[in-house]
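Q: Pasting a structure here, questions to come.
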Amino acid sequence: MRKRAAVLCGAAVVLAGSVTAVPAEADASHAAAAAPVAKAGWKKCGTADYPTLQCAAVQVPLDYAHPAGRKITLALSRVPHTAKTYQGPLLVNPGGPGGSGLSLAAFVASSLPKAVAAEYDVIGFDPRGVGASKPALDCAPGYFNPVRPDSVPSTPALEQANLARVKSYAAACGKKHADLLPYINTVNAATDMDSIRRALGAQKINYFGYSYGTYLGAVYAKLFPERVRRLVLDSVVDPTGVWYDDNLQQDYAFDARHRAFMAWIAKYDATYHLGTDPAEVTAKWYAMRAALAKKPAGGRVGASELEDTFMPGGYYNGYWPDLAKAFAAYVNHQDAGALVDAYDTYGAVDASGDNGYGVYTSVQCRDVSWPRDWRQWRKDNWAVYDKTPFMAWNNAWYNAPCAFWPTAAKRPVNIANAKLPPVLLFQATNDAATPYQGGVTVHRLLARSSLVVEQGGGNHGITLSGNTCLDTYLSTYLSDGTVPRDRAGATADAVCQKLPDPKPQAAKATATKTAADPANTAPGAALHRLVRFHG
């Protein structure tokens, strides 16, 4: 939900509980599939970077149980095919939930090999409630404005301050969007995708989703297996935990990535002068956090905002040099401005982030049941914090509105599926936002899937990010449907090695951005400039 983030995912994280093969509302979704859908009317909306981009809007039922009732509007984008061979629409989704997918269509079309992209209409869309789709959710504008209470509830007063915030947010959503919240969930979003398919006049769709988009794609495939032609899932959500338990698992993974970042800084002590021992660097980071809890940098970056600022480093190591520079400037030069600049770049939430968070909470809180007893949250998150403190409580408060959500929850979808054509999965072994086990689990649940692993990789969203090995498997599959299956008995069907970690920037006292910064030029930067960060 961050200021720079327009589309992809901050990771959605997944709640253990009973699962059902197909929710009851899916029956209504299939019944509504017989209702007429107007064809998409495309208009030019190209930009200097993407001159062939087109836009359209499609109306769908708010409630698929009553398809003739109230309609809502979904915003679409398209880069049309240009080759004689046409393989149909390729719907793309950046995750979230709550991420806008309009720009992702242009990114995917321009990042795939030209010969592959030319055979598809690459279709982006804003899911219901998101961005240019109408109506768009915005429960409490400015909810993330600084300075928030310290995320770690080390005193009863801090816990009560944070509880008051999340309760007020849930109440605001219920009051402002009471007519919409019962219909904002993954099953309805998946059914919207089938309405888009029909508006495109396609018998089947191809689909490419990142992060939460992998769960959305798997749910679509469960509801409409006969409509799936090709399915690509990158950075895979574990569907057996949606959504509470996987938040806790995510905390462990993010802490590990943060420690890897601290070790990287220690490796480059000649640049950052924060110590050669990772433990020493880590201690300085937590000392900085403690200082900011007492005196926020620039009156804006307190302890919680610091966590928001550094969390994107767990999604993409291309940000490490810039974040390390801000860290070093504060510790070594008492430069509060460097942290404020970094916060504005990586942590601050704008209006699109407010909208994205509204959809994030609405989907996750409606999808499945969450613990309603705050004592359970307190017990679980202190247990995690004691072992992995980096983001445990920040993540807890981010999701805590679900403990007080005003709409009843559904039951999670069992995405197990033996009715699909070959499916291609991508997963990095050290991904923090969607930990590795998610890819392994979905590989097991989707009978004809193949899993490509980036060994040692820690970034989130790994295809079309500069790793030629991964991208070759993706392009081959989209070109002719071929998936790797030559590692009998192995967990993965193919393994690619990770890209090298970035090199440090030239030493400066501030985090001022330049065109030469690694965060702008490193492999994968183009994709991760679209990423919506969670947390």
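In the numbering used here, the protein residues as written are 1433 to 1967. C-beta: ideal position from N, C-alpha, C; glycine also.
1. I'd like to confirm the pairing. Which residues does DSSP put opposite Lys1503 in its beta bridges?
2. For Ile1555, name the three-state secondary structure that DSSP assigns.
3. In three-state terms, what does DSSP make of Lys1727?
4. Let's see if you can read the secondary structure: which residues bound the alpha helix (DSSP H) around Val1619?
5. Should Thr1505 and Ser1542 be called a contact, given that it needs their Cβ atoms to be closer than 7 Å?
6. Where Glu1591 and Leu1877 are concerned, what is the direct C-alpha to C-alpha distance, given to the nearest angstrom?
7. When we look at the beta-carbon of Asp1818 and count the other beta-carbons within 10 Å, is it buried (16 or more) or exposed?
8. One question on the structure: do Tyr1652 and Met1694 come within less than 7 Å of each other, judged by their Cβ atoms?
9. Let me check one thing: in DSSP terms, what residues is Lys1607 bridge-paired to?
10. Could you check what DSSP says for Gly1561 in three-state terms: helix, strand or coil?
11. Classify Ala1780: buried if its beta carbon has 16 or more other beta carbons within 10 angstroms, exposed otherwise.
12. By Cβ distance, which residues of its chain are closer than 6 Å to Gly1664, with the 5 residues on each side in sequence left out?
13. Got a sec? Which residues, its chain only, sit under 8 Å from Cys1477 by beta carbon, not counting five neighbours each side?
14. Does DSSP classify Asn1849 as helix, strand or coil?
15. Would you mind working out which of Tyr1700, Asp1863, Ala1547, Gly1501 sits nearest Asp1611, comparing C-alpha positions?
16. Mind checking whether Pro1833 and Val1562 have CB atoms under 7 Å apart?
17. Quick one: what's Gln1486 bridged to in DSSP?
18. Comparing alpha-carbon positions, which option in Asp1863, Thr1904, Asp1903, Asp1918 lies nearest Ser1882?
19. Just to confirm, is the Cβ distance from Ala1926 to Val1884 under 7 Å?
20. Looking at Val1800: is its Cβ nearer than 7 Å to the Cβ of Trp1675?
21. Sort Trp1752, Gly1769, Tyr1601 by Cα distance to Gly1734 and report the nearest one.
22. Report all residues from its chain with a CB closer than 7 Å to the CB of Trp1809; omit the five preceding and five following residues, and keep chain order.
23. Near Ala1924, which residues of its chain fall below 6 Å by C-beta distance, leaving aside the five closest residues on each side in sequence?
24. Assign Cys1928 to one of three DSSP states: helix, strand, or coil.
25. Would you mind stating whether His1609 and Tyr1552 have Cβ atoms separated by less than 7 Å?
26. Determine the DSSP secondary structure at Lys1940, reduced to helix, strand or coil.
27. Of the residues Asn1525, Pro1483, Gly1649, which one's Cα is nearest the Cα of Leu1959?
28. What is the rounded straight-line gap between the Cα of Ser1583 and the Cα of Asn1594?
A: With the structure as the only source:
1. Against the sequence shown, residue 1503 aligns to sequence position 71. Answer is Pro1493, bridged to Lys1503.
2. Stepping through the sequence shown from its first residue, residue 1555 is reached at position 123. Reduced to three states, the DSSP call for Ile1555 is strand.
3. Within the sequence shown, residue 1727 is the residue found at index 295, counting from 1. It is coil, neither helix nor strand.
4. As a first step, residue 1619 must be located in the sequence shown, where it is residue number 187. Counting along the chain, the alpha helix (DSSP H) containing Val1619 begins and ends at 1618–1631.
5. Counted from its first residue, the sequence shown places residue 1505 at position 73. Counted from its first residue, the sequence shown places residue 1542 at position 110. It is not a contact, given that the beta carbons lie outside the stated cut-off.
6. For the purposes of this step, residue 1591 is taken as the residue at position 159 of the sequence shown. For the purposes of this step, residue 1877 is taken as the residue at position 445 of the sequence shown. Approximately 39 Å, taken between the alpha carbons.
7. Residue numbering aside, residue 1818 sits at position 386 when the sequence shown is read from its first letter. Exposed, because fewer than 16 other Cβ atoms sit within 10 Å of the Cβ of Asp1818.
8. Within the sequence shown, residue 1652 is the residue found at index 220, counting from 1. Within the sequence shown, residue 1694 is the residue found at index 262, counting from 1. No. Outside cutoff.
9. Residue numbering aside, residue 1607 sits at position 175 when the sequence shown is read from its first letter. Partner(s): none; Lys1607 has no beta bridge.
10. Working through the sequence shown from its first residue, we reach residue 1561 at position 129. If DSSP states are grouped into helix, strand and coil, Gly1561 belongs with coil.
11. The residue labelled residue 1780 in the question sits at position 348 within the sequence shown. When all chains shown are included, Ala1780 counts as buried.
12. By one-based count along the sequence shown, residue 1664 stands at place 232. Note that residue 1664 is Val in the sequence shown, not Gly. Result list for Val1664: Phe1640, Leu1856, in chain order.
13. Reading the sequence shown from its first residue, position 45 is the one you call residue 1477. The residues are Leu1485, Gln1486, Cys1487, Ser1509.
14. As a first step, residue 1849 is located in the sequence shown; it is residue number 417 there, counting from the start. The answer is strand: DSSP assigns Asn1849 an E or B state.
15. Reading the sequence shown from its first residue, position 179 is the one you call residue 1611. That would be Gly1501, whose Cα lies nearest to the Cα of Asp1611.
16. Locating residue 1833 in the sequence shown gives position 401, counting from the first residue. Locating residue 1562 in the sequence shown gives position 130, counting from the first residue. Not in contact: Pro1833 and Val1562 (Cβ atoms no closer than 7 Å).
17. Here residue 1486 refers to the residue found at position 54 of the sequence shown. Its beta-bridge partners are Lys1476, Arg1510.
18. Taking the first residue of the sequence shown as position 1, residue 1882 is located at position 450. Nearest option by C-alpha distance: Asp1918.
19. As a working note, residue 1926 is residue 494 in the sequence shown. As a working note, residue 1884 is residue 452 in the sequence shown. Their beta carbons are under 7 Å apart, which means Ala1926 touches Val1884 by this criterion.
20. For this step, residue 1800 is matched to residue 368 along the sequence shown. For this step, residue 1675 is matched to residue 243 along the sequence shown. Yes; because the gap between Cβ atoms is below 7 Å, this pair is in contact.
21. As a first step, residue 1734 must be located in the sequence shown, where it is residue number 302. Residue Gly1769 is the option with its Cα nearest to Gly1734.
22. Working through the sequence shown from its first residue, we reach residue 1809 at position 377. Counting only Cβ-Cβ distances below 7 Å, and skipping sequence neighbours, we find Pro1803, Ala1828, Ala1832, Ala1835.
23. Taking the first residue of the sequence shown as position 1, residue 1924 is located at position 492. Contacts found: Leu1883, Val1885.
24. Along the sequence shown, one-based indexing puts residue 1928 at 496. Looking at Cys1928 - three-state DSSP - the assignment turns out to be strand.
25. Walking along the sequence shown from the start, residue 1609 turns up at place 177. Walking along the sequence shown from the start, residue 1552 turns up at place 120. For His1609 and Tyr1552, no; Cβs fall outside 7 Å.
26. Numbered from its first residue, the sequence shown carries residue 1940 at position 508. With a pLDDT of 45 at Lys1940, under the threshold of 50, the modelled position of this residue cannot be trusted; read the value that follows with caution. If DSSP states are grouped into helix, strand and coil, Lys1940 belongs with coil.
27. Residue 1959 sits at position 527 when you count from the first residue of the sequence shown. Considering only alpha carbons, the answer is Asn1525.
28. Taking the first residue of the sequence shown as position 1, residue 1583 is located at position 151. Taking the first residue of the sequence shown as position 1, residue 1594 is located at position 162. Each residue's alpha carbon lies about 7 Å from the other.
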